[in-house]
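Just below is one structure, and these are the notes that go with it.
Number of protein chains: 2
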Amino acid sequence: MGIELQNHQSHQEDGPAEEPTSRWLLNTPEPPSMWQELVGYIRKNVLSKKDNRRNKTKNSSSNPVYSCLKSVFPILIWGRQYKLNLFKKDLMAGLTLASLCIPQSIGYANLAGLDPEYGLYTSVVPPLIYSTMGSSRELAIGPVAVVSLLLSSMVRDLEDPVTDPIAYRKIVFTVTFFAGAFQAIFGLFRLGFLVDFLSHAALVGFMAGAAIVIGLQQLKGLFGLSHFTNKTDVVSVLSSVFHSLHHSWQPLNFVIGSSFLIFILLARFLGKRNKKLFWIPAMAPLISVILATLIVYLTNAETRGVKIVKHIKPGFNQPSVNQLQFNSPHLGHIVKIGLISAIIALTEAIAVGRSFATIKGYRLDGNKEMMAMGCMNIAGSLTSCYVATGSFSRTAVNFSAGCETVVSNIVMAITVMISLQVLTRFLYFTPTAILASIILSALPGLIDISGAIHIWKLDKLDFLVLAAAFFGVLFASVEIGLLLAVGISFARIMLSSIRPNIEALGRLSKTDIFGDINQYPMAIKTPGLLTLRISSPLLCFANANFIRDRILNSVSEVEEEDNEQEVKNDKVLQVLILDMSCVMGIDTSGVVALEELHQELASNDIRLVIASPRWRILHKLKRAKLEDKVKQENIFMTVGEAVDVYVRARSPSHDLC
Amino acid sequence: MGIELQNHQSHQEDGPAEEPTSRWLLNTPEPPSMWQELVGYIRKNVLSKKDNRRNKTKNSSSNPVYSCLKSVFPILIWGRQYKLNLFKKDLMAGLTLASLCIPQSIGYANLAGLDPEYGLYTSVVPPLIYSTMGSSRELAIGPVAVVSLLLSSMVRDLEDPVTDPIAYRKIVFTVTFFAGAFQAIFGLFRLGFLVDFLSHAALVGFMAGAAIVIGLQQLKGLFGLSHFTNKTDVVSVLSSVFHSLHHSWQPLNFVIGSSFLIFILLARFLGKRNKKLFWIPAMAPLISVILATLIVYLTNAETRGVKIVKHIKPGFNQPSVNQLQFNSPHLGHIVKIGLISAIIALTEAIAVGRSFATIKGYRLDGNKEMMAMGCMNIAGSLTSCYVATGSFSRTAVNFSAGCETVVSNIVMAITVMISLQVLTRFLYFTPTAILASIILSALPGLIDISGAIHIWKLDKLDFLVLAAAFFGVLFASVEIGLLLAVGISFARIMLSSIRPNIEALGRLSKTDIFGDINQYPMAIKTPGLLTLRISSPLLCFANANFIRDRILNSVSEVEEEDNEQEVKNDKVLQVLILDMSCVMGIDTSGVVALEELHQELASNDIRLVIASPRWRILHKLKRAKLEDKVKQENIFMTVGEAVDVYVRARSPSHDLC
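Same order as they appear, the protein sequences are chains C and A. Here full-length UniProt numbering is used: the first residue of the first sequence is 1, the next is one more, and so on. Here full-length UniProt numbering is used: the first residue of the second sequence is 1, the next is one more, and so on.
Put into structure tokens, the structure is as follows:
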């Protein structure tokens, strides 16, 4: 690494050398082979534990087992320095969290088609596991609305939760197991990029669509309807609601539900106006549950048509190992649902975790997070939990309540565990309408309108992805919405490879810079030569013919223009300079296309000049003997050099320094 | 378009200006919106008829209807100038072609699971239609081995050709109709690129695999077996053959078949040694048929176990409109088979047509070819033909026989038509073993070993695609082989977008050129700054997190190195220059990743500098207000300028001209 303050400009005095810089280009060493690259990649990305140096503590422990354990269980690192004053904050945050978590868990279990206690179970074991393995400090673990909806809407196709709740529950546990297994595998093999496949825009659209679908599902509880459709799309749900409203609905349910919904929303409004009162919206759901339950209990409203939760089984999580269905006839579907749930759950958790980590100024290791989520869901599937993940609304409450570490999750889990012992009898009289209003009150947070506007302004194609996810979820099904969004996202990537831009370049006056003549209208073309840049990372089977034809068409256009303007003979197109600086790879079809291009141009007396080919391209051309045909003197390191050489060759009298 | 011989070097005397060239960059006009681009693309690619100017004749006819007709029917152009001396050559070529075509057609019909006359029909109508619409001069149209295999192997799953030949035939005609419709649609909407999806490597592998599968299928005819498997994979076929050989096979069939196979191969050897004797291998199959038929007829060998063709229905093509099955319960499958056959047929025809067009020095218009193929197959499906395309072996014979125009196809079709009237009674005694040996003799041409070696040398991943297609066809099925090949090809394109390279750049001494420090080990890094180039065309959801993390890791590595070497304070990393010259597009995830990168770097006191952003990128950054954060003075047109400005800022005393 030398110092080069002055040297780099001294070439200007030398004037262009006889043998230009392309000697460097032509004498570069062989690039690493595919195997070497693959091995290097695996070593760097899969085996290495230090890819995230910024997160690494400088603690150089001598025991490799202990350091490996520490990397899997971050609690061993921060647990040693844990102090009482931190615990005070975490205790407060954890208790606030629990007060929000208990009613939400019951509501989400209901949404997932399970009995209320399973929601509470899911708020016990997964947070405890996560607190030992997770690297986020704020993430509040437990059941969430979108995953609950996803599970019920997909598992319902295999088994009906009303007619055979036990079989349904078995499938849910099996799905949870596979979701956890997939998440752990993603983390183990560092396949974090799989989560990226659901782009931000897709997620915004999907979440908004899911929120509306979930809201519509709550109409059942809010109106106290008995008959309801199994489908999730807007049309089926609304027609089912209207149909039921004509027949039988219990107005008292609606009165209770909507009045407490207004109470919760008012509390949130208060909390937003004064940040110090954050605990009011956080406590509001629990207060609503207590008040509503007391009202029903004292007035015997359940005899007047108010639907209540009824029996919740008291006690700790039950083991559910023997309920996993590994030889179910639906196994293929179960694995698929597990995969979809795994990805959706991870995407939500990592998006939430990352945004809060950024606020607090630390980086989240996606692979480690996936590992932690996987383990917690596998453990959950063995202890009667369904798929848990990081909840957006509860994480925000946790953050506002001033949590310092994942200890707040431990506090929450223990509180939920205690209430599973103590509170279940009390919750017997909780009206289901209140659960509906608690879920409804959490939904606006899932609809990110300003995010959607931002995406619309920035990128119309991204907005198309958003809209596809949104309307797909709304009018077809959760799966179709996701499939559409991912499909469009990938089609876009493919399209940019299949139909790349071929840009004509011109020189910006008084510089050596060549720019797209559309972008820089003042760029100057040199008569007698045409400079084209291939804006594709691959010159491959999917675009080689297209690129060749596009280049030949450009050449024809220039030739026709020349003919029309009847330019002098020495200004007629003689050289085509191909700027390959952006082409990273080439396959056999690409080599053939270049050969054909060379041949076609040669038959028209036009010289093909290749400027700034990348390492791999150059060596492929060498191996294909194409270099012999194009000739070494027609390969240059930069477009500027190629132009200079051509201009000098045409008019030697103008050769100057 | 000005002349700029001297100007471009004069900036060197001016010295670096205070406000650098980035003023051009920042003041570029708005890029065209997505809609403008889409409209422009459609206008250019779908509506315009002049995209292929090189092929356009300069005949400026005043009648638009006539000129449109001429563009659809090229025969109207060349037909006017057609001369007698051309016809003499075409007549000879056409007769040679017919002599090869008749036995091959019967054999391929057998391979396709149809009666022999359908192969002959397919050599009548499609070549006649093609001769009016096609733009290739050499392509010999008719049934081909690979498409015949493809059809029988896929239609067999829907209907058995032995138990219900009529239903089977109806499905084949319907498939032919859809294949033609797809081809015509591809041509009409200029979707020629769809044919490119089957890369050259995939085609080589697929053809070789198909040739071996076809060869194995011929063992049935060669050994005179009665029972044979319906499957096409190697394992099933070989076990079927061995099983039959233990029970009942007719040695006489094998004697006839193999002796004439040796005769045909000898004739080909002779033809290869002396190019003037090209007609010997071309005539050998017909001679074999005549000789073998005479032998069987004279010796009554059919009574001694020699299997013969038996009845061939004499007469012209029968109309088959009423046999098309548009309301079949298998319609979905039929459409799928039609699509696959359409693509395979087109890929073979266009590959063959293009290679001979290149030899004769003209260019084939892929879209027009597809239109012609589509029309000929639709017409074929209405006149008892199955899918026809350009045959590799017969096109080579046509070329060697000196054909000048598609008139040779007309001559061939008429000859076949006449023999359908005259020869069918004679062909009654043709042994099926001879058809097997004719097909076997055509197969080596489908196996391109030198092509495979070339691909292996050039590109290992392409060879993987080849191998996948080859072994997929051989050991699973035709569909799986194709699916594997296309899947791997596309996964490769995706991978280059998902896991792009991030290259560290260094200055090549005495120049303004910056190159990858791996490629140019002599490149010099400037202390205190790190230059990275993003080698991806898109900074999007699929790679944004990866790119951000990779860049941050590189920064950490440099910082650690600096710490270890305890460099002086002013040499510690202060600036990260991001060369975005290869990034063509950015979506919202990409913008977010850049924002996070800027934030993270800012918190480490490192300045983010963006060099040579493309048009669209710059305007997206402007719209996302990211430009305000990064600040305009940190956006440069080239890496060199950015480095110069940084170096000058750090050590003002070194500022020099």
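Ideal Cβ positions, reconstructed from N, Cα and C, are used throughout, including at glycine. Bear in mind the structure is a predicted one, so any value in this text is a computation, not a measurement.
### Query
CA-CA distance, residue 338(C) and residue 145(C)?
Position 338 of the first sequence, counting from 1, holds the residue named residue 338(C). Position 145 of the first sequence, counting from 1, holds the residue named residue 145(C). Near 16 Å, if we compare the C-alpha coordinates of residue 145(C) and residue 338(C).
### Task
Using a cut-off of 9 Å between C-beta atoms, extract the partners of residue 347(C) located in chain A.
The residue labelled residue 347(C) in the question sits at position 347 within the first sequence. Those within 9 Å of residue 347(C) in chain A number zero; the least Cβ separation is about 11 Å.
### Query
Any residues in the stretch 182-203 of chain A with a beta carbon nearer than 7 Å to a beta carbon of chain C? Which ones, in chain order?
193, 196, 197, 199, 200, 201
### Task
Give the C-beta separation of residue 405(A) and residue 279(A) to the nearest angstrom, bearing in mind that I take them to be a contact with Cβ-Cβ under 8 Å.
Here residue 405(A) corresponds to residue number 405 of the second sequence, with the count starting at 1. Here residue 279(A) corresponds to residue number 279 of the second sequence, with the count starting at 1. Not a contact, Cβ separation roughly 20 Å.
### Segment contact, 8 Å Cβ cut-off, at least three pairs: the stretch 447-461 of chain A with the stretch 606-624 of chain C
yes
### Task
Quickly, what does DSSP pair residue 503(A) with across the bridge? List them, please.
Working through the second sequence from its first residue, we reach residue 503(A) at position 503. DSSP, once it has assigned bridges, lists 533(A) as partnering residue 503(A).
### Query
Got a sec: is the Cβ-Cβ distance from residue 409(A) to anything in chain C below 8 Å?
Residue 409(A) sits at position 409 when you count from the first residue of the second sequence. No, its Cβ sits nowhere closer than 8 Å to a Cβ of chain C.
### Query
Looking only at its own chain, which residues have a Cβ that is under 6 Å from the Cβ of residue 484(A), when we skip the five neighbours before and after it?
Locating residue 484(A) in the second sequence gives position 484, counting from the first residue. Once the five neighbours on either side are set aside, the close Cβ partners of residue 484(A) are 468, 472.
### Strand pairing of residue 389(C), partner residues [DSSP]
Taking the first residue of the first sequence as 1, we reach residue 389(C) at position 389. According to DSSP, which records beta bridges pairwise, residue 389(C) is partnered with 142(C).
#### Entry: residue 549(C), enclosing alpha helix (DSSP H) - first and last residue
The count along the first sequence starts at 1 and reaches residue 549(C) at position 549. Looking at the DSSP string, the run of the alpha helix (DSSP H) that includes residue 549(C) is 544-565.
#### Entry: Nearest-angstrom Cβ-Cβ length linking residue 305(C) and residue 252(C), presumed shorter than 8 Å
By 1-based counting over the first sequence, the position of residue 305(C) is 305. By 1-based counting over the first sequence, the position of residue 252(C) is 252. Contact between residue 305(C) and residue 252(C) holds: CB atoms are separated by about 6 Å, below the 8 Å threshold.
#### Entry: Contact set between residue 34(A) and chain C, taken where Cβ atoms lie within less than 8 Å
Locating residue 34(A) in the second sequence gives position 34, where the first residue counts as 1. Within chain C, the residues near residue 34(A) are 460, 461.
### Query
When burial is assigned at 16 or more other CB atoms within 10 Å of the CB, is residue 35(A) buried or exposed?
In the second sequence, counting from the first residue as 1, residue 35(A) sits at position 35. So residue 35(A) ends up on the exposed side.
### Query
So, helix, strand or coil for residue 351(C), using DSSP?
Here residue 351(C) is taken as the residue at index 351 of the first sequence, counted from 1. Of the three classes helix, strand and coil, the one that applies to residue 351(C) here is helix, per DSSP.
### Query
How many angstroms separate the CA atom of residue 449(C) from the CA atom of residue 490(A)?
Residue 449(C) sits at position 449 when you count from the first residue of the first sequence. Residue 490(A) sits at position 490 when you count from the first residue of the second sequence. Between residue 449(C) and residue 490(A), the C-alpha separation is close to 35 Å.
### Message
Below 9 Å on C-beta distance, what does residue 624(C) contact in chain A?
### Response
In the first sequence, residue 624(C) corresponds to position 624, counting from 1. For residue 624(C), the chain A residues whose Cβ falls inside 9 Å of its Cβ are 454, 457, 458, in order along the chain.
### Message
Quick check on residue 535(A) - is its C-beta less than 8 Å from some C-beta in chain C?
### Response
For this step, residue 535(A) is matched to residue 535 along the second sequence. Chain C, which has a Cβ nearer than 8 Å to the Cβ of residue 535(A), makes this yes.
### Task
Quick one: which residues of the stretch 66-95 of chain A get their C-beta closer than 7 Å to a C-beta of chain C? List them in chain order.
none
### Query
For residue 558(A), which residues of its own chain have a beta-carbon under 8 Å away from its beta-carbon, when the five flanking residues on both sides are left out?
Along the second sequence, read from residue 1 onward, the residue named residue 558(A) stands at position 558. Answer for residue 558(A): 530, 573, listed in chain order.
### Query
Regarding residue 433(A) and the ligand NAP, is the C-beta to nearest heavy atom distance less than 7 Å?
The ligand NAP is not among the ligands present in this structure, which contains no ligands whatsoever.
### Query
For the beta strand (DSSP E) that contains residue 607(A), what are its first and last residues?
By 1-based counting over the second sequence, the position of residue 607(A) is 607. Note, residue 607(A): beta strand (DSSP E), 607-611.
### Task
May I ask which residues mark the beginning and end of the alpha helix (DSSP H) holding residue 472(A)?
In the second sequence, counting from the first residue as 1, residue 472(A) sits at position 472. 460-475 is the span of the alpha helix (DSSP H), which, as asked, contains residue 472(A).
### Message
Using only the alpha-carbon positions, how far apart do residue 643(A) and residue 631(C) sit?
### Response
Residue 643(A) sits at position 643 when you count from the first residue of the second sequence. Residue 631(C) sits at position 631 when you count from the first residue of the first sequence. So the alpha carbons of these two residues sit roughly 34 Å apart.
### Query
Buried or exposed: which applies to residue 443(C), given that a residue is buried once 16 or more other Cβ atoms fall within 10 Å of its Cβ?
What you label residue 443(C) is simply residue 443 of the first sequence in a count that begins at 1. That one is buried.
### Task
Compute the Euclidean distance between the alpha carbons of residue 439(A) and residue 220(A), then round it to the nearest angstrom.
Residue mapping note: residue 439(A) aligns to position 439 of the second sequence, counting from 1. Residue mapping note: residue 220(A) aligns to position 220 of the second sequence, counting from 1. Spanning the two alpha carbons is a distance of roughly 12 Å.
#### Entry: Any C-beta of chain C under 8 Å from that of residue 564(A)
In the second sequence, residue 564(A) corresponds to position 564, counting from 1. It does not: the Cβ of residue 564(A) has no partner Cβ on chain C nearer than 8 Å.
### Complete runs of the beta strand (DSSP E) confined to the stretch 79-144 of chain A [at least 3 residues]
140-142
### Message
Looking only at its chain, what residues have a beta carbon closer than 6 Å to the beta carbon of residue 433(A), apart from the 5 residues adjacent to it on each side?
### Response
Along the second sequence, one-based indexing puts residue 433(A) at 433. Only 221, 222, 253, 256, 257 meet the Cβ criterion.
### Neighbour flag for residue 666(C) against chain A, beta carbons, 8 Å
Because chain C here runs from 1 to 657, residue 666(C) falls outside it and cannot be looked at.
### Reference residue 591(A); option with closest CA among 172(C), 68(C), 200(C)
Position 591 of the second sequence holds residue 591(A). Checked all of 172(C), 68(C), 200(C); the closest Cα to residue 591(A) is 200(C).
### Query
Within the 8 Å Cβ cut-off, does residue 628(A) reach chain C?
Position 628 of the second sequence holds residue 628(A). The Cβ of residue 628(A) sits no closer than 8 Å to any Cβ of chain C.
### Query
In the structure shown, what three-state DSSP assignment does residue 224(C) receive?
Position 224 of the first sequence, counting from 1, holds the residue named residue 224(C). The answer is coil: DSSP assigns residue 224(C) none of H, G, I, E or B.
### Query
Residues bridged to residue 431(A) by DSSP?
As a first step, residue 431(A) is located in the second sequence; it is residue number 431 there, counting from the start. Answer by DSSP bridge pairing, in chain order: 308(A).
### Cross-chain neighbours of residue 516(C) in chain A, by beta carbon under 7 Å
In the first sequence, counting from the first residue as 1, residue 516(C) sits at position 516. Going along chain A in sequence order, the residues near residue 516(C) (Cβ under 7 Å) are 615.
### Query
Is the Cβ of residue 287(A) closer than 8 Å to any Cβ of chain C?
Looking up residue 287(A) in the second sequence gives position 287. For residue 287(A), the answer is no, since every Cβ of chain C falls outside 8 Å of its Cβ.
### Query
In chain order, which alpha helix (DSSP H) runs of at least 4 residues are fully inside the stretch 357-410 of chain A?
366-382, 392-400
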